[in-house]
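All residue numbers for the sequence shown refer to my numbering, where the first residue is 3 and numbers rise by one. Here the structure is laid out as structure tokens; the discussion comes afterwards.
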Amino acid sequence: MDSVKKQTFFFDVVTAMLSVNKWSLDQTASIIPSLRIEGFSEPMILASCSHEEVALRLERAGYKRGTYIVSRMADWIICASLILSEDSMIEKLVTAEETGDIKTIQDSLARIKGVGPGVRDTFLRLRGIRS
């Protein structure tokens, strides 16, 4: 499978996760280049980072929302990295997207700490999927 598809899928999960609690999708979009530079499209890299390293990468990318929120986001992103890196999960979800199996995507995203209905809906909107 095309690595760009996998990276884009994962990056959209991260983008949706960051766009919560009065931090709009537009605000996240404004730091997308910096998030990419900091490795937020690479789940394998983030899965091997410490909590402190992910929080530092978020802050360097311009996600400056205070210690508590940045810390919580770091936890959520590590969780997403670990879950989506295991057992070819991203490949399976990209295939589900291509075949229109939205339920599989929704069920898999629900396993990730920090992904509730709002994050899920933002992710689906980013992917151009109607739920």
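Glycine included, C-beta positions come from ideal geometry on N, C-alpha and C. This structure is a prediction, so every number in the text was calculated from the model and none was measured.
Problem - Enclosing alpha helix (DSSP H) for I79 [first to last residue] - result: Here residue 79 is taken as the residue at index 77 of the sequence shown, counted from 1. Run containing I79: 69 to 87, per the alpha helix (DSSP H) assignment.
Practice task
Let me know if E1 comes out buried or exposed under the rule of 16 or more other beta-carbons within 10 Å of its beta-carbon.
Solution key: Outside the displayed span of the chain (3 to 133) sits residue 1, for which this structure offers no information.
Exercise for the section: Leaving aside the five residues before and after L27 along the sequence, list all residues of the same chain whose C-beta is less than 6 Å from its C-beta, in chain order. Expected result: Here residue 27 refers to the residue found at position 25 of the sequence shown. Once the five neighbours on either side are set aside, the close Cβ partners of L27 are S21.
Practice task
Kindly give me the distance between the Cβ atoms of I33 and V56, rounded to whole angstroms, as I take these residues to be in contact under 8 Å.
Solution key: On the sequence shown, residue 33 is found 31 positions in, with the first residue counted as 1. On the sequence shown, residue 56 is found 54 positions in, with the first residue counted as 1. Contact between I33 and V56 does not hold, since the beta-carbon distance rounds to 15 Å and is not under 8 Å.
Exercise for the section: Count the other CB atoms, across all protein chains shown, that sit within 10 Å of the CB of T101; report buried if there are 16 or more and exposed otherwise. Expected result: The residue given as residue 101 occupies position 99 in the sequence shown. With fewer than 16 other Cβ atoms within 10 Å, it is exposed.
Exercise for the section: Give me the Cβ distance between K8 and E93, rounded to the nearest whole Å; I'm assuming they're in contact under 8 Å. Expected result: Here residue 8 is taken as the residue at index 6 of the sequence shown, counted from 1. Here residue 93 is taken as the residue at index 91 of the sequence shown, counted from 1. Contact flag correct, Cβ pair sits at about 7 Å.
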